[in-house]
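Just so you know, the protein sequences line up as chains A and B, in that order. Sequential numbering from 528 applies to the first sequence in the numbering used here. Sequential numbering from 9 applies to the second sequence in the numbering used here. Reading through the structure tokens given below for one structure.
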Amino acid sequence: MLNDFLILMKSELVVVFIIFLLLFIKVGTEIKNENLLSVIQFLLLANFVLGFFFNETGTLFGGLFTINSLMAFQKSILSLGVYLISLLFSDWLKKSEHMPEFFILMLSALLGMFFMISSGSLLMFFLSLELSTIPVAAMANFDLEKKISSEASMKMILSSAFSSGILLFGISLIYGATGTINFAEITPLLDGSSLQILAFVFLFTAFAFKLSIVPFHLWTADVYEGAPVAVTSFLSVISKGSIAFILLTTLYKVFAPMQEIWYNMVVLLSITTMIVGNLFALRQQNIKRFLAFSSIAQVGFILVGLSSNSIQGTSSVVYFVLIYVFSNLAAFGVAGAISQQTGKERIDDFKGLYHNNPFISWILALALFSLAGIPPTAGFFGKLFLITAGASKGNYFFIIVAALNLIVSLYYYLRVIRAVFMDKNEQPIEKIILNPSVKLGMIICGAGIVLVGLLSWIYDYITALTA
Amino acid sequence: MNLTLLILLPLVTAVLILLMRNAAQVKWIALIGAAAQFVLAFALLFAFRSERLGGNEVQMLFELQYTWFPAWHISFHLGVDGISVAMILLTSFVVIAGVLVSWNVTKMSKEFYFLLILLSLGAYGFFISLDLFILFFFLEIAVIPKYLLIGIWGSGKKEYAANKLALMLMGGSALVLVGLLGVYFGSHEKTFDLLTLANAHIPVEVQKICFPLLFVGFGVFTALFPFHTWVPDGHSSAPTAGSMFLAGISMKLGGYGCLRVATYIMPDGAKEYANIVIVLSTIAILYGAFATMMQKDLKYINAYSSVSHCGFVLLGIGMLTKTAMTGAVMQMVSHGLMTALFFAVIGMIYERTHTRQVNEMGGLLKVMPFITTVLFIVGLCSLGLPGLSGFVAEMTVFMGSWQNPDTFHRIATIAACMSIVVTAVYILRAIGQTAMGPLKESYGNLSDAKWNEKLAAIILIAGILAIGIAPFWLNDLISPATEIIMKKLQAVHSGL
């Protein structure tokens with residue numbers, strides 16, 4: 528029993544261990560941020576690696592907690608993302624006097640996501656979702672002296688409280704319709720009655736809030752702009768990724784009998800999300816807002832793959848999230864390094880960046896090309912597989928809209944590329960000094976962007992886990 | 009002959025370029041890499057010929073297949089037939105000439121050569137891939153280098169032109185993507201393999217949807233009317249080597265795709281839409297020719313005349329006869345060499361006179377005899393003088409077109425033929441104004457071509473002459489491959 532417990536919950540236990548370690552250190556000893564950071568980074572990396580070993584399928588706590596190797600891999604992706612964040616923003620973290628608290632919050636949120644991925648009932652799901660949201664709201668407030676940061680935190684709290692309310696209402700309706708909150712027991716009882724559809728709509732709305740699917744995206748840009756870059760990147764990559772994962776389980780497994788109903792919803796929301804995300808991204812001046820809207824458009828793309836309801840759908844979504852972790856974190860890493868040292872966050876300030884900073888310019892270019900889906904970067908493969916999975920239903924209109932959105936998105940990614948490489952600037956940004964771990968983080972991201980696509984066995988591995 | 013060499017060689021060259029420290033090393037590495045590509049392309053030609061002469065009648069030679077993404081049934085499937093070999097030869101000619109011509113690039117030369125070589129990588133990969141997924145992969149690889157080449161090293165309205173080009177080409181490839189997915193799922197084969205798809209019978213209704221998507225998508229690359237608008241802006245803003253690559257290689261990707269992908273795997277669709285293709289390409293031919301007459305800028309002249317000349321490629325494909333298709337491929341090769349040379353010469357002239365306006369020049373024959381002679385040769389090739397490649401290619405297309413006995417095809421052929429007269433007018437006028445007449449005083453001490461420029465010009469002229477004087481070798485190379493495409497079309501016809 529204890530062995531089961533240790534092995535099945537290994538990722539969660541490591542995170543809990545780090546959290547407690549940080550708590551004790553914070554209370555008990557004086558330790559330099561720098562050393563502490565290295566320990567945390569090491570443990571996160573260990574957790575990432577651990578996700579590939581001792582994978583067993585099983586359930587704990589009477590079905591509240593389930594785990595299989597695909598879930599373990601999803602957790603590994605999230606651990607990797609947090610590890611990369613700790614590398615990319617280490618400059619900012621080291622200078623912060625509240626670094627332990629920051630990590631305690633971030634890791635609590637991560638823990639919530641882990642439980643959410645593994646949850647086997649709506650109760651567990653709701654609890655873990657709250658655990659993954661509330662700490663992030665506190666993190667958004669971490670630029671303590673900035674008003675805009677508090678505002679971001681406030682907006683985040685309000686919107687997530689609202690969506691939690693909707694979620695709870697949906698859960699109560701489901702309980703009313705089926706008499707159970709266990710995922711496994713709900714599925715056979717679904718017959719598409721109007722009460723169940725209503726329940727599903729409420730549940731899905733809550734997801735839509737968290738994923739910032741249009742029209743539930745209004746909080747996103749302000750929160751992203753106000754929060755520190757590290758938090759923004761956590762929100763846009765790790766949070767989004769985890770919700771995409773749980774959406775896979777919910778739609779493909781739990782609500783599988785209602786497939787025809789949710790298919791239309793997903794298609795419609797995907798189209799609006801892509802279009803609105805892209806059109807708003809066109810006009811953004813602030814790099815963080817820009818990335819916020821581009822990430823909304825990316826979520827629209829994830830929905831394209833999600834709509835397919837097949838093994839290919841699952842594997843392409845997981846694969847895309849992995850790629851998205853590398854690409855978006857690289858972009859945020861560069862934006863963070865620049866804003867950390869110069870305070871500049873406008874795209875116009877990036878003009879002539881290449882002149883003094885070729886390395887980060889190339890990383891940024893790789894990241895943006897990957898987000899835009901240009902080969903040979905991994906984003907090309909990710910987007911192509913999402914579209915191919917979505918096309919399996921034969922809905923040509925949907926696929927054409929998705930393909931056209933690829934062009935629109937290319938336009939605004941090229942805007943940044945153009946500013947960096949082509950536009951002239953009297954006073955280009957000076958040489959940004961990167962400390963070794965930031966550089967390491969960028970190199971890992973860059974390597975990930977190039978290799979995850981070209982090495983096809985990564986995709987095969989995910990498919991093997993899915994099947 | 010291992011075809012992966014064609015991908016590995018540019019890749020290694022590109023990586024080496026990135027590792028080099030100073031500009032001199034960079035350009036020598038680029039030149040050595042380009043020369044190696046040149047040698048490799050000829051080695052491929054000879055290996056191909058000896059296989060064929062040895063009686064190997066397999067459709068694709070030197071096939072290689074590695075699995076790549078087995079979950080989607082994608083494989084890294086390479087192979088060449090005569091058409092691909094001809095296109096690879098063309099690419100290697102343009103690459104070496106392009107590298108030679110840009111010998112004096114000083115601004116960020118490392119990045120410049122890196123992008124040039126990357127572009128050639130995309131082109132080689134495109135021409136040898138037999139799996140539509142990797143074909144699409146290489147097609148898109150070639151887009152971004154063009155964008156950066158124009159945007160960073162270009163002139164004039166370069167940002168606008170670069171954006172327009174990138175977006176239009178990506179728009180084209182988005183259509184290609186949708187078409188490919190339609191074929192993938194519509195054929196019920198769930199495969200991207202070109203040969204499997206060609207042998208499978210794709211349902212006619214799927215072909216009716218996917219053929220226009222694929223044809224127009226690839227057509228954007230090869231200046232299909234009315235999607236040709238990126239051509240003048242892109243070509244005229246690009247740096248010399250960029251224009252050469254764009255017109256010489258990149259536009260050929262589209263023609264190759266129209267023929268190999270759209271027409272070959274979807275003969276029903278090709279038959280269905282052939283008349284529209286003919287109408288559009290005839291419009292492009294005439295419109296391009298007349299638009300050229302209005303141009304004063306040498307680069308615009310060549311860009312618009314490219315629209316006209318690439319119209320012949322699409323016309324040849326749309327005519328659906330074996331001779332016309334062979335002519336279309338010949339026209340691709342011929343136009344690639346010719347237009348690359350034309351842009352190279354324009355670049356040489358511009359570097360010296362700092363203008364591309366025809367009416368500001370005059371009498372250049374006196375100060376730079378070599379460059380002006382090359383300009384004469386390329387102009388005559390463009391207007392279709394016998395003995396040069398342009399005549400051979402266009403004549404083949406016309407002959408193939410005339411094989412269609414009905415009035416519609418005849419009218420289209422005659423209309424296209426008339427463009428030659430217009431071509432003669434604008435070419436002779438442009439060359440006359442540039443080369444003849446009184447020499448401007450300020451141009452008195454301009455120098456003639458340097459070794460690198462001479463070498464580039466000679467290589468390209470050699471190609472033009474080789475096709476012009478002895479067209480049969482190119483014909484022998486291409487026609488067995490077009491024969492296979494024709495057989496498929498005829499099988500459909502007899503089946504109806």
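Where is the CB? At the ideal position from N, CA and C, for every residue including glycine. Computed from a prediction, not measured in an experiment: that's the story for all the values here.
As assigned by DSSP and simplified to three states, the class of B/PHE84
Within the second sequence, numbered from 1, the residue matching residue 84 of chain B stands at position 76. B/PHE84 falls in the strand class under three-state DSSP.
Check whether chain A comes within 9 Å of B/LEU27, counting only Cβ atoms and requiring the distance to be less than that.
One-based indexing of the second sequence puts residue 27 of chain B at position 19. So, not an interface residue.
Are the CB atoms of A/PHE907 and A/SER843 nearer to each other than 9 Å?
In the first sequence, the residue the question calls residue 907 of chain A occupies position 380. In the first sequence, the residue the question calls residue 843 of chain A occupies position 316. No; because the gap between Cβ atoms is not below 9 Å, this pair is not in contact.
By DSSP, does B/GLN67 sit in helix, in strand, or in coil?
Stepping through the second sequence from its first residue, residue 67 of chain B is reached at position 59. Coil at B/GLN67, not helix or strand.
Got a sec: does the ligand ADP put a non-hydrogen atom nearer than 8 Å to the Cβ of B/LEU48?
The ligand ADP is absent from the structure shown, which contains no ligand whatsoever.
Quick one: which residues of the region 95-111 of chain B get their C-beta closer than 9 Å to a C-beta of chain A? List them in chain order.
none
At a CB-CB cut-off below 7 Å, which residues of chain B make contact with A/ARG945?
Within the first sequence, residue 945 of chain A is the residue found at index 418, counting from 1. What A/ARG945 touches in chain B: GLY159 and GLU167.
Using a Cβ-Cβ cut-off of less than 8 Å, give me the residues of the region 910-932 of chain A that come near chain B, in sequence order.
LEU911, PHE912, ILE914, THR915, ALA918, SER919, GLY921, TYR923, ILE926, ILE927, ALA930 and LEU931
Members of the region 174-191 of chain B near chain A, C-beta cut-off 8 Å
ALA174, LEU175, MET178, GLY179, ALA182, LEU183, LEU185, VAL186, LEU189 and GLY190
So that I know if they touch, is there some Cβ in chain B lying closer than 9 Å to that of A/ASP875?
Walking along the first sequence from the start, residue 875 of chain A turns up at place 348. False, the Cβ-Cβ gap to chain B never drops below 9 Å.
Among all the DSSP beta bridges, which residues are the ones paired with A/ILE594?
Sequence index remark: in the first sequence, residue 594 of chain A carries index 67 (1-based). Note: A/ILE594 sits in a beta bridge opposite A/GLY585.
Coil, strand or helix - A/ARG873 by DSSP
Along the first sequence, read from residue 1 onward, the residue named residue 873 of chain A stands at position 346. Three-state DSSP puts A/ARG873 in a strand.
Secondary structure, alpha helix (DSSP H): runs of 4+ residues fully inside the region 872-927 of chain A:
880-883, 885-899 and 905-918
Does the separation of the CB atoms of B/LEU372 and B/ALA105 fall below 9 Å?
Within the second sequence, residue 372 of chain B is the residue found at index 364, counting from 1. Within the second sequence, residue 105 of chain B is the residue found at index 97, counting from 1. Contact: no.
Cutoff 9 Å: B/TRP76 Cβ touching any chain A Cβ:
Translated into the one-based positions of the second sequence, residue 76 of chain B becomes position 68. At least one chain A Cβ lies under 9 Å of B/TRP76.
Beta-carbon proximity check, B/TYR434 vs B/ILE309, cutoff 9 Å:
Residue mapping note: residue 434 of chain B aligns to position 426 of the second sequence, counting from 1. Residue mapping note: residue 309 of chain B aligns to position 301 of the second sequence, counting from 1. Closer than 9 Å, so yes.
Does A/SER854 come within less than 9 Å of chain B when only Cβ atoms are used?
As a first step, residue 854 of chain A is located in the first sequence; it is residue number 327 there, counting from the start. No, no contact with chain B.
Is there a Cβ from chain A that is less than 9 Å from the Cβ of B/GLU148?
Reading the second sequence from its first residue, position 140 is the one you call residue 148 of chain B. It does: the Cβ of B/GLU148 has a partner Cβ on chain A nearer than 9 Å.
Against A/MET949, what residues of chain B qualify as contacts under a CB-to-CB distance less than 7 Å, listed in chain order?
Against the first sequence, residue 949 of chain A aligns to sequence position 422. GLY159, ILE160 and GLU167, listed in chain order.
Should the region 252-266 of chain B be regarded as contacting the region 391-403 of chain B, the criterion being three or more beta carbon pairs within less than 8 Å?
no
If you run the structure through DSSP and keep just helix, strand and coil, what is B/LEU230?
Translated into positions along the second sequence, residue 230 of chain B becomes position 222. In the sequence under discussion, the amino acid at residue 230 of chain B is Thr, which differs from the Leu named in the question. Coil at B/THR230, not helix or strand.
Quick one: grab the DSSP three-state call for A/SER648.
Looking up residue 648 of chain A in the first sequence gives position 121. Strand.
Does the distance from the C-beta atom of A/VAL928 to that of A/ILE802 stay below 9 Å?
Working through the first sequence from its first residue, we reach residue 928 of chain A at position 401. Working through the first sequence from its first residue, we reach residue 802 of chain A at position 275. Yes, the pair counts as a contact, with Cβ atoms nearer than the cut-off.
Strictly by DSSP, which residues pair up with B/TYR74?
In the second sequence, residue 74 of chain B corresponds to position 66, counting from 1. Answer by DSSP bridge pairing, in chain order: B/PHE84.
Anticipated Cβ contact below 8 Å, B/ASP139 with B/ASP201, distance rounded
Here residue 139 of chain B refers to the residue found at position 131 when the second sequence is read from its first residue. Here residue 201 of chain B refers to the residue found at position 193 when the second sequence is read from its first residue. About 6 Å separates the two Cβ atoms, so the contact holds.
Buried or exposed (CB count within 10 angstroms, at least 16 for buried), A/LEU643:
Taking the first sequence and counting its residues from 1, one reaches residue 643 of chain A at position 116. Contrary to the premise, residue 643 of chain A reads as Met rather than Leu in this sequence. That one is buried.
Counting only the same chain and skipping the five closest in sequence on each side, list residues whose C-beta sits under 8 Å from that of A/ALA665.
For the purposes of this step, residue 665 of chain A is identified with residue 138 of the first sequence, where counting begins at 1. The answer, listed in chain order, is LEU632 and SER680.
Please identify the residue among A/LYS780, A/LEU775, A/PHE859 and A/ILE874 whose C-alpha is closest to the C-alpha of A/VAL831.
Mapped onto the first sequence, residue 831 of chain A falls at position 304. The shortest Cα separation from A/VAL831 among A/LYS780, A/LEU775, A/PHE859 and A/ILE874 belongs to A/LEU775.
Here's the rule I'm using: 16 or more other beta-carbon atoms within 10 Å means buried, otherwise exposed. How should A/ARG485 be labelled?
There is no way to answer for residue 485 of chain A, as the model of chain A reaches only from 528 to 994.
Going by DSSP, name the residue or residues bridged to B/ASN412.
Looking up residue 412 of chain B in the second sequence gives position 404. B/ASN412 is not bridged to any residue.
Test: A/SER983 CB closer than 9 Å to a CB of chain B
Taking the first sequence and counting its residues from 1, one reaches residue 983 of chain A at position 456. By this cut-off, A/SER983 is an interface position.
Spatially closest choice to A/ILE604 from A/GLY973, A/SER766, A/LEU898 and A/GLU787, by CA coordinates
The residue given as residue 604 of chain A occupies position 77 in the first sequence. Of A/GLY973, A/SER766, A/LEU898 and A/GLU787, the residue nearest in Cα terms is A/SER766.
Within the chosen definition, does the region 56-72 of chain B reach the region 104-120 of chain B through at least 3 CB pairs nearer than 8 Å?
no
Does B/ASP276 pass the burial test, meaning 16 or more other C-beta atoms within 10 Å, or should it be called exposed?
By 1-based counting over the second sequence, the position of residue 276 of chain B is 268. Classification of B/ASP276: buried, given that the 10 Å Cβ count is 16 or more.
For chain B, check one thing: does any of its Cβ atoms lie closer than 9 Å to the Cβ of A/THR841?
Taking the first sequence and counting its residues from 1, the one referred to as residue 841 of chain A is at position 314. No, because no Cβ of chain B sits closer than 9 Å to the Cβ of A/THR841.
Please decide whether A/ILE890 counts as near chain B, where near means a Cβ-Cβ distance under 9 Å.
For the purposes of this step, residue 890 of chain A is taken as residue 363 along the first sequence, with counting starting at 1. No - not a single Cβ of chain B is within 9 Å of the one on A/ILE890.
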